[in-house]
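Quick note on numbering: the sequence shown equals residues 1 to 191 in UniProt numbering.
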Amino acid sequence: MQVSANKIIQKMRNDVFRHIEELPMQYFVNRPAGKIVARVTNDTEAIKELYVKVLKTFVNGFIYMTGIFIALFLLNTTLASICLVLVPPLLFVWMKLYKKYASNYNEVILTTNTDINRSINESIQGMPIIQAFRRTKKTQDEFEVLNNRQFTYQKKLIVFNALTSFNLVNAIRGHCICSIYLVFRLCFLIW
């Protein structure tokens, strides 16, 4: 799957590069080079992640769920039927909630990453001007704001992923363990 994803991304980057070469000059006047480069690299890497991680997880999850339902039907058809009715809507709601919150974080992370790449590119290309006008401190401060924003939202996404654990069973288990730990901890403090 990794090899296929790399071939797809290689072809996609070649196609995007050919398309960029055919764009009118006006397109480049309004956009910094760093922003264009970041769009191409970040978006193609995101698609590569889709092929490598998401599809692999989806296929593994589908096979795993199919095996569970087969085992359930062999053991108890009534329980399997109830699960077959309840699990798909529950998974659908879970995926919608995850998508709603994770997409907000991912959007900020991607735009901030683009801004960071743009800032680095412009700073490197314009370093003589930045130094001549003594704007190194201001440029560093602007970059630090972007970098801190990226760090903050990456951390929020990591915490969100840790709380949801990418799947419902692990999330419920994790929340139950934390709740039990909290109850015992509070009981210990009271006594």
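In this text, a Cβ means the ideal position worked out from N, Cα and C, and glycines have one as well.
For residue i, three-class secondary structure by DSSP
i	result
F133	coil
R31	coil
N76	coil
L23	coil
G61	helix
G126	coil
Rounded distance between the beta-carbons of residue j and residue i, thought under 8 Å
i	j	result
Q140	N113	With a Cβ gap of about 18 Å, Q140 and N113 do not count as contacting.
A33	N121	6 Å
A102	F160	6 Å
Same chain only: Cβ atoms within 8 Å of residue i, ignoring 5 sequence neighbours per side
i	result
I83	Checking the sequence, you will find Cys at residue 83 rather than Ile. The residues are F69, L72.
V16	V40, T44
I109	Q150, Y153, Q154, L157
I36	I20, F28
I130	S123, T136, T139
Other residues of its chain near residue i: CB distance less than 7 Å, five sequence neighbours each side excluded
i	result
A80	F69, L72, F73
M25	none
V54	none
Same chain, Cβ closer than 6 Å to residue i, neighbours up to 5 away in sequence not counted
i	result
N76	none
Y51	A5
M12	T44
Minimum Cβ-Cβ distance from residue i to chain C less than 9 Å
i	result
Y64	Among the chains of the structure shown, chain C does not appear; only one protein chain is present.
Hey, is the region 22-42 in contact with the region 113-127, meaning 3+ C-beta pairs nearer than 8 Å?
-> yes
Check whether the region 94-102 touches the region 128-135, taking contact to mean three or more Cβ pairs, one atom from each stretch, closer than 8 Å.
-> no
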